[in-house]
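Asker: Protein sequences, first through last, are from chains A and B.
According to the numbering used here, the residues represented by the first sequence are 1 to 147, in order.
According to the numbering used here, the residues represented by the second sequence are 148 to 294, in order.
Cβ coordinates follow ideal geometry from the N, Cα and C atoms, glycine included.
The model shown is predicted, which means the values in this text are computed figures rather than measured ones.
There are 2 protein chains.
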Amino acid sequence: MAGFKGQAEYSIDSKGRIAIPAKMRNALNPEAKSTFTITRGFERCIFLYPLDTWLGIESEISALNTYNRQARDFVRSILMWAEEMVLDAQGRISIPKPLAEFAGITDKGLVIGALDHVEIWNPDSFAAHMNEQADDYETLAERVMGL
Amino acid sequence: MAGFKGQAEYSIDSKGRIAIPAKMRNALNPEAKSTFTITRGFERCIFLYPLDTWLGIESEISALNTYNRQARDFVRSILMWAEEMVLDAQGRISIPKPLAEFAGITDKGLVIGALDHVEIWNPDSFAAHMNEQADDYETLAERVMGL
DNA sequence: GGATTTCTCCCCACTTTTCCCCACAAGTGG
DNA sequence: CCACTTGTGGGGAAAAGTGGGGAGAAATCC
Numbered sequence: 001m002a003g004f005k006g007q008a009e010y011s012i013d014s015k016g017r018i019a020i021p022a023k024m025r026n027a028l029n030p031e032a033k034s035t036f037t038i039t040r041g042f043e044r045c046i047f048l049y050p051l052d053t054w055l056g057i058e059s060e061i062s063a064l065n066t067y068n069r070q071a072r073d074f075v076r077s078i079l080m081w082a083e084e085m086v087l088d089a090q091g092r093i094s095i096p097k098p099l100a101e102f103a104g105i106t107d108k109g110l111v112i113g114a115l116d117h118v119e120i121w122n123p124d125s126f127a128a129h130m131n132e133q134a135d136d137y138e139t140l141a142e143r144v145m146g147l
Numbered sequence: 148m149a150g151f152k153g154q155a156e157y158s159i160d161s162k163g164r165i166a167i168p169a170k171m172r173n174a175l176n177p178e179a180k181s182t183f184t185i186t187r188g189f190e191r192c193i194f195l196y197p198l199d200t201w202l203g204i205e206s207e208i209s210a211l212n213t214y215n216r217q218a219r220d221f222v223r224s225i226l227m228w229a230e231e232m233v234l235d236a237q238g239r240i241s242i243p244k245p246l247a248e249f250a251g252i253t254d255k256g257l258v259i260g261a262l263d264h265v266e267i268w269n270p271d272s273f274a275a276h277m278n279e280q281a282d283d284y285e286t287l288a289e290r291v292m293g294l
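If you want it as structure tokens, here you go:
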């Protein structure tokens, strides 16, 4: 099963909706029933997990030891932002206000595929984030993929 | 199975399409179903992986630990440019706009076979890249291939 | 508690892009 | 020399992205 790939800069309409690229919609497993769980991501962006993938994450989370304070805080941090959203007939989802604020998203959103999930960024934040990254692509590839 | 070889300078039409040389199309494994995954390469060029080869890369990527920030950034850097493209009836693929911009490709493309993948360069960039390379062919060979 | 306002979501309409298809010219091989 | 493949170009139907109206639910305010 091919994962999510690609990028697209789409506009957010006055109702806070953003289109999900057709290529990514088509990569959705039928079991996901056009549903994404939207939550905060790492770095200042939003994560979208297909429903079927999300269920796996939920069971990982529920396996955590809740007698550990750090685990509790982690669970709170993920779940307080999470929301199940179904694509509308035009293939869009509406971004919950708290998440839009968190990611600093107003009128433009950069949608990128990241294999098991989709990310939505404020285009400017994303450019800034990539600039902060000290190593260039070639170095990163060598380090991460090993040699 | 024979790998990709050879070079060809082809034109990009007004719709951003470029032909893949017949020799390389014939080198495609039937399993690839005439499909390439197109993504950014190292240096300023575009990589084309046959679908079957790409799936192997994708599973390597998915094995990375995404709780590590460098790994996350690497996954973003490679996948945001990636796109699955099927050859049209004329044996062409259309180059996604972001990639064309990245590689500085406008009206001409230099297509090079590189064993497990195909590369597309702006012909001028490629010439410049080869000039930057201080060592000549013989020296390079000695260093890379050992003794 | 009821009326008003706000918000959410479903639906329809318009514009742009994508991609499928056909056509032609140049090159290749028998 | 002719048939066939290969590279190049473009028209047109279908899909994708964008915007907004309006019914119903939820929240708010008197």
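When DSSP labels each residue in this structure, what does Glu60/A get in the three-state scheme?
Answerer: Here residue 60/A corresponds to residue number 60 of the first sequence, with the count starting at 1. Residue state, collapsed to three classes: helix.
Asker: Using the DSSP secondary-structure output, state which residues sit across from Glu231/B in a beta bridge.
Answerer: As a first step, residue 231/B is located in the second sequence; it is residue number 84 there, counting from the start. Looking at the DSSP assignment, Glu231/B forms a beta bridge with Thr184/B.
Asker: Quick test of your reading: Ser94/A and Met85/A, contact by CB under 8 angstroms. State the CB separation rounded to the nearest angstrom.
Answerer: Numbered from 1 along the first sequence, position 94 holds the residue referred to as residue 94/A. Numbered from 1 along the first sequence, position 85 holds the residue referred to as residue 85/A. About 7 angstroms; that satisfies the 8 angstroms criterion.
Asker: From Ser206/B to Ser11/A, what does the alpha carbon distance come to, in whole angstroms?
Answerer: Here the question's residue 206/B lines up with position 59 in the second sequence. Here the question's residue 11/A lines up with position 11 in the first sequence. Approximately 32 angstroms between the Cα atoms of the pair.
Asker: Taking any Cβ of chain B, which residues in the region 113-124 of chain A have a Cβ under 8 angstroms from it, in chain order?
Answerer: Answer in chain order: Gly113, Ala114, Leu115, Asp116, Glu119.
Asker: In chain A, what lies closer than 7 angstroms to Ala218/B by C-beta?
Answerer: Within the second sequence, residue 218/B is the residue found at index 71, counting from 1. Near Ala218/B (Cβ distances below 7 angstroms), the residues of chain A are Val144.
Asker: Any residues in the region 228-261 of chain B with a beta carbon nearer than 8 angstroms to a beta carbon of chain A? Which ones, in chain order?
Answerer: Flagged, chain order: Trp228, Ala229, Glu230, Glu231, Pro243, Pro245.
Asker: Short check: CB of Gly109/A to CB of Glu9/A, under 9 angstroms?
Answerer: Stepping through the first sequence from its first residue, residue 109/A is reached at position 109. Stepping through the first sequence from its first residue, residue 9/A is reached at position 9. Their beta carbons are under 9 angstroms apart, which means Gly109/A touches Glu9/A by this criterion.
Asker: Whole angstroms is fine: what's the gap from Leu51/A's alpha carbon to Leu115/A's?
Answerer: Here the question's residue 51/A lines up with position 51 in the first sequence. Here the question's residue 115/A lines up with position 115 in the first sequence. Distance between the alpha carbons of Leu51/A and Leu115/A: 14 angstroms.
Asker: Compute the beta-carbon to beta-carbon distance between Gly163/B and Ala250/B, rounded to the nearest angstrom, for a pair I have assumed lies under 8 angstroms.
Answerer: Your numbering for residue 163/B matches position 16 in the second sequence. Your numbering for residue 250/B matches position 103 in the second sequence. Not a contact, Cβ separation roughly 12 angstroms.
Asker: Where in the region 92-127 of chain A do unbroken runs of the beta strand (DSSP E), each at least 3 residues long, occur, reported from the N-terminal end onward?
Answerer: Listed in chain order, they are 92-94, 108-114, 117-121.
Asker: At the 9 angstroms Cβ level, is Tyr10/A part of the contact set with chain B, yes or no?
Answerer: Here residue 10/A corresponds to residue number 10 of the first sequence, with the count starting at 1. Judged by the 9 angstroms Cβ criterion, Tyr10/A is not in contact with chain B.
Asker: Would you identify the three-state DSSP class for Tyr49/A, choosing helix, strand or coil?
Answerer: The residue labelled residue 49/A in the question sits at position 49 within the first sequence. In the structure shown, Tyr49/A sits in a strand (DSSP, three-state: E or B).
Asker: Is the beta carbon of Leu195/B closer than 9 angstroms to that of His264/B?
Answerer: For the purposes of this step, residue 264/B is taken as the residue at position 117 of the second sequence. For the purposes of this step, residue 195/B is taken as the residue at position 48 of the second sequence. Yes; because the gap between Cβ atoms is below 9 angstroms, this pair is in contact.
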